[in-house]
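K.L.:
Numbering (our numbering), first residue to last: -15 to 141. Each residue gets a CB set at the ideal place from its N, CA and C atoms; glycine is no exception. Before we start, here is the structure in question, set down as structure tokens.
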Amino acid sequence: MVTALDGLITVQQGLIICADNKKAALIQRSVEDLNRITIEEKKLVKQLEQVEQERMAVMESALQDQPAASFQSFLEGVPGEQERHKLEFQLKTLQELTAELQAKNRVNDRLLKDSMGFVQHMIDQITQSQQQQFNYQSPMGQKKSQTGNRGFFDTKA
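In structure tokens form, the structure reads like this:
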């Protein structure tokens, strides 16, 4: 169980580093770095799933008679005081890392939404339905053209 929790802690720390790198990439608007970080995150998530399955297997083998028991009941069954304290410390560390990762992901989510809003605003500015007239023309003498109300891009395409 100690090994499985150590593995979970290591992967969580890796995900936190990825979250920090992702924040920097979002601020710099570096798409290449963001793609690279996303690929690395996917690998870490797969690794996290494997380590979690190992932890669950250890829990199931230790609690064969109580398959729905919690981690706290598992801790109560650990024979040594020192081992119990180590497991409790690892659990607390894992909870703190998870909370830190969630906070960083919320910040990154907000940065991503702001960035997407900026991009959408720029697209809206480029594809305005009416073009600005830069020269004075008499309103009586204006002719409406078929393409006069289109922006740079045909948004219906």
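Does the distance from the CB of ASN92 to the CB of LYS6 come in under 7 Å?
P.N.:
For ASN92 and LYS6, yes; Cβs fall inside 7 Å.
K.L.:
Whose CA, out of ASP98, GLN112, ILE107, lies closest to the CA of ILE11?
P.N.:
For the residues ASP98, GLN112, ILE107, the minimum Cα distance to ILE11 belongs to ASP98.
K.L.:
Skipping 5 residues on each side, what residues in its chain have a beta carbon closer than 8 Å to that of VAL(-14)?
P.N.:
GLU67, LYS70, LEU71, GLN74, listed in sequence order.
K.L.:
I believe ALA(-12) touches ARG39 by the beta-carbon criterion, under 8 Å. Please report the beta-carbon distance rounded to the nearest angstrom.
P.N.:
Correct: roughly 4 Å between the Cβ atoms.
K.L.:
Buried or exposed for GLN146, going by 16 or more other Cβ atoms inside 10 Å?
P.N.:
Examination of residue 146 is not possible in this model, given that the chain is present from -15 through 141 alone.
K.L.:
Look at GLY(-9) and VAL35 and say whether their C-beta atoms are less than 7 Å apart.
P.N.:
Contact flag set, yes.
K.L.:
Within its chain, find whatever has a CB closer than 8 Å to the CB of LEU81; leave out the 5 residues flanking it on each side and keep chain order.
P.N.:
Once the five neighbours on either side are set aside, the close Cβ partners of LEU81 are ILE(-7), GLN(-4), GLN(-3), ILE0.
K.L.:
With a cut-off of 8 Å on the beta carbons, I'd call GLY64 and ALA46 a contact; round off their distance for me.
P.N.:
The Cβ separation is near 14 Å, so there is no contact.
K.L.:
State the Cα-Cα distance for the pair THR77 and HIS105, rounded to the nearest angstrom.
P.N.:
Each residue's alpha carbon lies about 42 Å from the other.
K.L.:
Using a threshold of 7 Å, state whether the C-beta atoms of CYS2 and GLU33 are closer than that.
P.N.:
No, the Cβ-Cβ distance between CYS2 and GLU33 is not below 7 Å.
K.L.:
Over what stretch of residues does the alpha helix (DSSP H) that includes ARG94 continue unbroken?
P.N.:
Start and end: 65 to 110.
K.L.:
Use the C-beta contact count for ALA83: other C-beta atoms within 10 angstroms, 16 or more gives buried, fewer gives exposed.
P.N.:
By the neighbour-count rule (16 or more Cβ atoms within 10 Å), ALA83 is not buried but exposed.
K.L.:
Give the DSSP-derived three-state secondary structure of MET43 in the structure shown.
P.N.:
If DSSP states are grouped into helix, strand and coil, MET43 belongs with the helices.
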